[in-house]
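**Student:** Protein chains in written order, with the working numbering: chain A, 4 to 131; chain B, 4 to 131; chain C, 4 to 131; chain D, 4 to 131; chain E, 4 to 131; chain F, 4 to 131.
Quick reminder that beta carbons are idealized off the backbone N, C-alpha and C, glycines included.
Below you'll find the structure I mean.
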């Protein structure tokens, strides 16, 4: 078990080093297993496989979370995308691409979330 | 106007040469403009930009359509992904990654759709 | 109680005279109350009010069911829309309008559903 | 009519005695009938039937609202679940179970909502 | 190109004169093309066609955005509906009608959004 | 690892003994890990915990899958619910309860799915 947890944490240290602790703190007094599941399932079982590189994985997760309208997780994965080497303009481009599949309301909501992340990291304006 | 249409068609000839006509045939006696919008908006305005390559775009669209549960469009974009050079194992990996964000029911449904496309193209079994 | 049921049935006789019985038949040996709820709640409580006319109501329901991706109910309400005087071209136009809010996959799916209904009623091609 | 309303209110006095008035106050100057529908339809027609006990009903509603991502109603039904005798650990367990069907983003969002309700009622930490 | 943009802006000046600039300001330093797409695609290509009047279009969009749970865009289109001549009571009625198709949680959320818009415009209470 | 798999299989032998093999067969030549994840994650990590009994868990899953509109998985969990001792009338009641939270279209679709399962198992008509 420890092994799976450690494996997941090693990926999270690459993708989200700044807020790696927050999900444990958030759920320690209500559902610590939920935080453990997040580390052990997606990060240990999936993100560790080298079929697809982390950059492509994070852009695909940005696409999925934009489609789902899951704004807090989207912001966290926009940070993850930046941390594994995606340029802001690539993230913007993928969110914009989603407009064809989900329409403008959810796309606009996701772009505003991206803007907040970029602003906080002093990455505005976004240029090619 | 012609220009935008031609530009979109030039991408569709790369991503979906085999079924490029089907959406026009489907809607010619009810809503020809809807088919035109698909060519002119996502394909002409978005897929033509070189910020992100077509392979990454198609994988992100596979992620979005899996999340959305839009099976017929998903199958068409799995074909598109193959046509721009994605390996079956990469498509499988991205669908599998979605399980963390959308749960197993929609992931299973999307994987079955991928299996149908691969079967038809004699691409089973999928190996790394 | 009878009163509410009768009131709902009087609307259904206008909007869906041909398949008014099908929901009762479908659920009589499993959940007859569910069929009763459909008659008594939306049709008796809502569709009977004259704030909005039946034509506008049915177009708004077409918009909602297209957005929801609920194809069997969508087909039934496309029939309802025709029965209260909507022209096929208006129904097509509202489905097409949805593309901006929900993207192309669900819009295309809804348009194909409309085409099936119109074909069965010999209403193709749709012209202004 | 009075009868249906009274019947629904008698259940609401059990499940949500503290905020029974809020939906009427919220909508009295815009859509009083919407508040009436909530009392008369789910509470009078459905929750009064004894096929399934209130505890199981509330847990199933927690499952549905977690799946839907409807946070304000979820909080209200977490209170309802507590009021009909569910232990916090059962509510946490059902939300956690949802991760398999809807993925982590919506599950995390629902767990944070549960934490807010439990905190306000001094029910943290949650133990078995 | 200019032409399509101008055409879209001419509709937006009717439906949303007060906040026509906000989407450009919001995205000018991150994704100006997304703002352009909104003007050029739904407003220029769709809302300009006279098959369906603007009042019906806006009510159908209110129905769709209520179904989608897209609250900021919903508020903007409730304003749009008022600006093209819909009475508050019609908007309320269409939101209420949605309860049959999407259930109470999303309907309640949309009605609260409508209440905020009406309050800001001093349109409460809503009467027939 | 073996342990987690065995633990999950021991629950699946109770809930779905008849179709325990089908997910492995379905995905063996495309994504065998996806089948393994389903056994190891929800069944091993969640369904084995005794905070909530299997009957309540399956009814909550029926509620979630009805809300999600995931019909093939819903049918499989209706079978699961029957296998752990739920009466058909309880399953019907929970699906009916969902109408308040998700509206009639998805509820009707789920009830038709339940009817198919019950018919195949000769459990119609459903009585209290």
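Any idea what DSSP makes of residue 41 (chain F), helix, strand or coil?
**Tutor:** helix
**Student:** Give the residues from the stretch 39-67 of chain F that approach chain A closer than 8 Å (Cβ to any Cβ), ordered along the chain.
**Tutor:** 40, 44 and 48
**Student:** Is the number of C-beta pairs between the stretch 7-14 of chain E and the stretch 35-52 of chain E that are closer than 8 Å three or more?
**Tutor:** yes
**Student:** Excluding the 5 residues flanking residue 119 (chain E) on each side, which residues of the same chain have their C-beta closer than 8 Å to its C-beta?
**Tutor:** 78
**Student:** What are the boundary residues of the alpha helix (DSSP H) that residue 70 (chain A) is part of?
**Tutor:** 57-71
**Student:** Residues of chain A with CB under 7 Å from residue 30 (chain E), in chain order?
**Tutor:** 114
**Student:** Which bits of chain C does residue 15 (chain B) rub up against, with CB to CB less than 8 Å?
**Tutor:** Residues of chain C passing the Cβ test: none, with the nearest at roughly 13 Å.
**Student:** Among the residues of its own chain, which have a CB less than 7 Å from the CB of residue 4 (chain B), if the five just before and after it don't count?
**Tutor:** With a pLDDT of only 49 at residue 4 (chain B), under the threshold of 50, the placement of this residue in the model should not be trusted, and no figure is reported.
**Student:** Compare the C-beta of residue 96 (chain E) against all C-beta atoms of chain C and say whether one is closer than 8 Å.
**Tutor:** yes
**Student:** Note down, in chain order, every chain E residue with its Cβ under 7 Å from the Cβ of residue 90 (chain A).
**Tutor:** Near residue 90 (chain A) there are no residues of chain E at all, since even the closest Cβ is about 13 Å away, more than 7 Å.
**Student:** Where do the ends of the alpha helix (DSSP H) carrying residue 95 (chain A) lie?
**Tutor:** 91-105
**Student:** Whole angstroms is fine: what's the gap from residue 89 (chain C)'s alpha carbon to residue 67 (chain C)'s?
**Tutor:** 16 Å
**Student:** If you drop the 5 nearest sequence neighbours on each side, which residues of the same chain put their C-beta closer than 7 Å to that of residue 37 (chain E)?
**Tutor:** 30
**Student:** Hey, out of E:81, E:72 and E:59, whose CA is closest to residue 122 (chain E)'s CA?
**Tutor:** E:81
**Student:** Considering residue 84 (chain D), what are the terminal residues of the alpha helix (DSSP H) in which it resides?
**Tutor:** 74-86
**Student:** With 16 as the cutoff for other CB atoms within 10 Å, does residue 25 (chain B) come out buried or exposed?
**Tutor:** exposed
**Student:** Assuming residue 75 (chain C) and residue 126 (chain C) form a contact by the criterion Cβ under 8 Å, report the distance between their Cβ atoms to the nearest whole angstrom.
**Tutor:** Actually they do not touch by this definition, with Cβ atoms about 19 Å apart.
**Student:** Taking only the alpha-carbon atoms, compute the straight-line gap between residue 85 (chain D) and residue 111 (chain F) and give it to the nearest angstrom.
**Tutor:** 30 Å
**Student:** Given that residue 103 (chain D) touches chain B, what residues does it touch there, using C-beta distances under 8 Å?
**Tutor:** 106 and 107
**Student:** Residue 7 (chain C) to residue 16 (chain C), Cα distance in whole Å?
**Tutor:** Approximately 14 Å between the Cα atoms of the pair.
**Student:** If contacts are defined as beta-carbon pairs under 8 Å, then residue 104 (chain D) and residue 106 (chain B) qualify, I think. What distance do you get, rounded to the angstrom?
**Tutor:** 4 Å
**Student:** Which chain I residues sit within Cβ distance under 9 Å of residue 127 (chain F)?
**Tutor:** Of the protein chains in the structure, A, B, C, D, E and F, none is chain I.
**Student:** Below 8 Å CB to CB, which residues in the same chain sit around residue 20 (chain E) once its five sequence neighbours on both sides are set aside?
**Tutor:** Answer for residue 20 (chain E): 86, listed in chain order.
**Student:** Can you tell me whether residue 23 (chain F) is buried or exposed, with buried defined as 16 or more other CB within 10 angstroms of its CB?
**Tutor:** exposed
**Student:** Roughly how many angstroms separate the alpha carbons of residue 32 (chain F) and residue 109 (chain B), rounded to a whole number?
**Tutor:** 19 Å
**Student:** Quick check on residue 9 (chain E): does DSSP put it in helix, strand or coil?
**Tutor:** helix
**Student:** Is the CB of residue 100 (chain D) under 8 Å away from at least one CB in chain F?
**Tutor:** yes
**Student:** Rounded to whole angstroms, what's the CA-CA distance from residue 128 (chain C) to residue 53 (chain E)? Just pull it up for me.
**Tutor:** 19 Å
**Student:** Using a beta-carbon distance below 8 Å, is residue 69 (chain F) in contact with chain C?
**Tutor:** Under the 8 Å criterion on CB atoms, residue 69 (chain F) is classed as non-interfacial with respect to chain C.
**Student:** What would DSSP say about residue 4 (chain B), mapped onto helix, strand or coil?
**Tutor:** At residue 4 (chain B), the pLDDT of 49 sits below 50, so the modelled position is not reliable; the number obtained from the coordinates is stated separately. Looking at residue 4 (chain B) - three-state DSSP - the assignment turns out to be coil, as it is neither helix nor strand.
**Student:** Exposed or buried, residue 28 (chain C), counting other C-beta atoms within 10 Å across all chains shown (16 or more means buried)?
**Tutor:** exposed
**Student:** So, for residue 64 (chain C): in the same chain, excluding its five sequence neighbours on each side, which residues have a beta-carbon less than 6 Å away from its beta-carbon?
**Tutor:** 80
**Student:** Once you ignore the five residues that flank residue 99 (chain A) on each side, which residues in its own chain have a CB closer than 8 Å to its CB?
**Tutor:** 110 and 114
**Student:** To the nearest angstrom, how far is the alpha carbon of residue 55 (chain F) from that of residue 39 (chain A)?
**Tutor:** 20 Å
**Student:** Kindly indicate the opening and closing residues of the alpha helix (DSSP H) around residue 49 (chain E).
**Tutor:** Segment: none, residue 49 (chain E) is in no alpha helix (DSSP H) and carries neither H nor E.
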